[in-house]
Amino acid sequence: MAIELKRVDEFAVVTFNRPDALNALSFSLIRDLGAKLDEVAASDARGLLLIGAGEKAFCAGADIKELRDRPLLDQKRGAELGQQTFAKLDRLPMPSVAVINGYAFGGGLEVALACTFRIAARTAKMGLPEIKLGLIPGYGGTQRLPRVVGPARALEMILTGKTIAAEEAERIGLVSRLIDGDALQAGIAFAREFSGYSLPVLSLAREAILRGLDTTLDDGLRIEADLSTLSFQTKDAEEGMAAFAEKRKPKFEDR
Ligand code: CAA
């Protein structure tokens with residue numbers, strides 16, 4: 492299978508597994524990814540890690556060989572398929588981490604941008620090079636990249652198609668951390684920094700941030716007041732505050 496889903500401890504791990512094509516996103520791979528994300532959503536995993544098979548690539552983007560000579564309507568449906576599939580990452584009940592263990596170009600960077608977090612090997616390289624093909628990004632890159640690195644840097648990356656090395660990616664906030672050693676193990680260690688907290692409360696925090704990015708400060712503050720009030724209604728908030736008062740470690744139960 493071009494997409495593998497496995498369980499490692501408390502985490503779901505999705506592997507892009509077409510190393511001969513640098514894990515490029517064929518349409519069948521994207522459909523398979525959508526089905527696997529539905530499985531992850533219904534599971535009790537406390538986080539999702541995405542990684543590329545092989546030594547070279549996380550994912551080299553849309554399968555360019557499949558994109559040629561198709562009717563325009565099919566191109567539009569292809570973009571919508573990629574966008575809708577990657578949007579499932581936003582709605583997962585658990586946070587997701589793109590472990591960028593090599594090249595992440597085009598659709599490969601776009602899937603990483605749809606994850607909650609991106610971390611990268613020091614040798615990783617990334618970019619949105621579609622302009623070099625006479626194209627623009629179609630799987631969410633023009634919308635998510637400026638939200639992550641700001642419009643000026645997004646314009647520069649998309650209009651020049653330039654390749655960004657891992658260190659620069661960290662400096663501009665495209666990835667939050669650089670990792671050493673085994674990439675999957677490093678991804679798991681990173682995910683353990685949040686996976687012990689209450690999943691519903693983690694979701695409220697993600698929702699407040701993502702919805703706030705799409706609105707005015709005033710409306711965003713209203714969203715925050717509503718969602719933070721909701722967090723007070725969870726059993727886990729009761730437990731967290733009781734544990735603080737009793738000077739013990741909280742035991743969250745996702746309620
Ligand atoms: N689609 C299809 N096949 C791809 C691919 C892609 N995006 N990227 C790499 N491959 C294939 C190559 O054709 C090659 O296959 P063959 O051995 O059969 O020729 C194999 O993977 C290995 O690739 P290279 O020999 O090119 O490896 P390299 O190390 O010399 O170069 C690279 C690596 C710089 C990533 C280069 O492969 C490359 O530039 N790939 C294309 C990257 C790109 O343009 N991505 C954007 C795609 S468009 C898109 O994603 C649109 C969108 O927004 C939805």
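Taking the numbering used here, the leading residue of the sequence shown gets 492, the next gets one more, and so forth. Cβ atoms here follow ideal geometry from the backbone N, Cα and C, with glycine treated the same way.
Worksheet entry | Contact the segment 514-525 vs the segment 544-559: 3+ CB pairs below 8 Å | Contact holds: three or more Cβ-Cβ distances are below 8 Å.
Worksheet item: Does the Cβ of Met585 have 16 or more other Cβ atoms within 10 Å, making it buried, or fewer, making it exposed?
Response: What you label residue 585 is simply residue 94 of the sequence shown in a count that begins at 1. So Met585 counts as buried.
Discussion item. Going residue by residue through the segment 590-627, where are the continuous alpha helix (DSSP H) segments of at least 4 residues, counting only ones entirely within it?
Written reply: The qualifying runs are 598-604.
Worksheet item: From Ile649 to Phe735, what does the alpha carbon distance come to, in whole angstroms?
Response: To locate residue 649, count along the sequence shown from 1; it is residue 158. To locate residue 735, count along the sequence shown from 1; it is residue 244. Rounded to the nearest angstrom, the two C-alpha atoms are 47 Å apart.
Fill in: Residue from Lys738, Met732, Ala728 whose Cα sits closest to the Cα of Arg746
On the sequence shown, position 255 is the one that residue 746 refers to. Comparing Cα positions, the closest option is Ala728.
Fill in: CB-CB length for Gly552 against Gly597, believed under 8 Å
For the purposes of this step, residue 552 is identified with residue 61 of the sequence shown, where counting begins at 1. For the purposes of this step, residue 597 is identified with residue 106 of the sequence shown, where counting begins at 1. Separation of the CB atoms of Gly552 and Gly597 is rounded to 3 Å, and the pair is thereby assigned contact status at 8 Å.
Discussion item. Tell me the DSSP secondary structure of Ile494 in three-state form.
Written reply: The count along the sequence shown starts at 1 and reaches residue 494 at position 3. If DSSP states are grouped into helix, strand and coil, Ile494 belongs with the strands.
Practice prompt. Please go through the segment 683-717 and give each complete beta strand (DSSP E) segment of 3 or more residues, from N-terminal end onward.
Written response: Whole beta strand (DSSP E) segments, 3+ residues: zero.
Worksheet item: Of the choices Thr706, Ser689, Ala643, Asn592, whose alpha-carbon is the least far from that of Ser722?
Response: Here the question's residue 722 lines up with position 231 in the sequence shown. The residue with the shortest Cα to Cα distance from Ser722 is Ser689.
Fill in: Start and end residues, alpha helix (DSSP H) containing Arg638
The count along the sequence shown starts at 1 and reaches residue 638 at position 147. Counted as a single uninterrupted DSSP element, the alpha helix (DSSP H) harbouring Arg638 occupies residues 632-640.
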